[in-house]
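A.B. asks: Quick note, the sequence shown lines up with residues 1 to 149 if you use the UniProt record's numbering.
We put the beta carbon where it would ideally sit given N, CA and C, even for glycine.
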Amino acid sequence: MGIPVGQEYTLPDIGLGKIASYQRYQADSAAVIEKIKFGQAVEVSEDEAKPLSNGDFYGVAIAKNYVPEYDAEKIGEYNVNEAVPVMRQGTIVVICDEDVKSGEKAVANTATGNFLPSTTALTTKTDVIGTFKSTAQKDGLVKLEINMP
1 MGIPVGQEYT LPDIGLGKIA SYQRYQADSA AVIEKIKFGQ AVEVSEDEAK PLSNGDFYGV
61 AIAKNYVPEY DAEKIGEYNV NEAVPVMRQG TIVVICDEDV KSGEKAVANT ATGNFLPSTT
121 ALTTKTDVIG TFKSTAQKDG LVKLEINMP
């Protein structure tokens, strides 16, 4: 028996805004009108995307595979007038603003664009948008599964 090809069984890289599963996913694209960080919650209106603040949750910004240079804080982002791919269905790696457990319902934090458990006491949250598929501590990376219509 030959040696199996690694990418057929495991993901080559996992990081903020990366697709976290080989299962089917769906993404749409939109024009960026305010800088959007990889893995950030996004709202879209008239094909224009910006970080979630007061609109409806649309999806999560998928990270680029290539970036010319990260900024000083090593945060990848989409600049104004770029096209951003926004995951609508699937599993993606995001940042959680509070401790989360696998299986908990997830909401987006409209103040930061990151994600919280639905049981949070914060008032800057959306309705339930998905489920956490891994466990993480505050400010950690966690897998989020969403299924937007």
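Can we say the region 122 to 141 touches the region 94 to 101, given the rule of at least three CB pairs closer than 8 Å?
C.D. replies: yes
A.B. asks: Quick one, which of Ser21, Val42 and Lys105 has its alpha-carbon nearest Tyr78's?
C.D. replies: Nearest in C-alpha terms to Tyr78, of all of Ser21, Val42 and Lys105, is Val42.
A.B. asks: Looking only at its chain, what residues have a beta carbon closer than 6 Å to the beta carbon of Gly55, apart from the 5 residues adjacent to it on each side?
C.D. replies: Correct list, in chain order: Glu43.
A.B. asks: Report the residue from Phe115, Gly130 and Ser134 whose alpha carbon sits nearest the alpha carbon of Asn147.
C.D. replies: Gly130
A.B. asks: Whole angstroms is fine: what's the gap from Ser29's alpha carbon to Met87's?
C.D. replies: 9 Å
A.B. asks: Under 8 Å by Cβ, that's how I've got Val84 and Ile19 pegged, so tell me the actual separation to the nearest angstrom.
C.D. replies: That belief does not hold up - the Cβ atoms of Val84 and Ile19 are roughly 14 Å apart, past 8 Å.
A.B. asks: Please report the straight-line C-alpha distance between Gly6 and Ala121, rounded to a whole angstrom.
C.D. replies: Because Gly6 sits at a pLDDT of 49, beneath the cut-off of 50, its placement in the model cannot be relied upon, and the following sentence gives the value as read from the coordinates. Going by the C-alpha atoms only, they are around 42 Å apart.
A.B. asks: Can you list, in chain order, the residues of its chain whose CB lies under 6 Å from that of Met1, leaving out five sequence neighbours each side?
C.D. replies: Bear in mind that the predicted position of Met1 carries a pLDDT of just 47, short of 50, making it unreliable; the figure below should be weighed with that in mind. Closer than 6 Å at Cβ, skipping near neighbours: no residue.
A.B. asks: Within its chain, find whatever has a CB closer than 7 Å to the CB of Asp47; leave out the 5 residues flanking it on each side and keep chain order.
C.D. replies: Ala30 and Ala31
A.B. asks: Could you give the residue range of the beta strand (DSSP E) that holds Asp28?
C.D. replies: Gln26 to Val32 is the extent of the beta strand (DSSP E) around Asp28.
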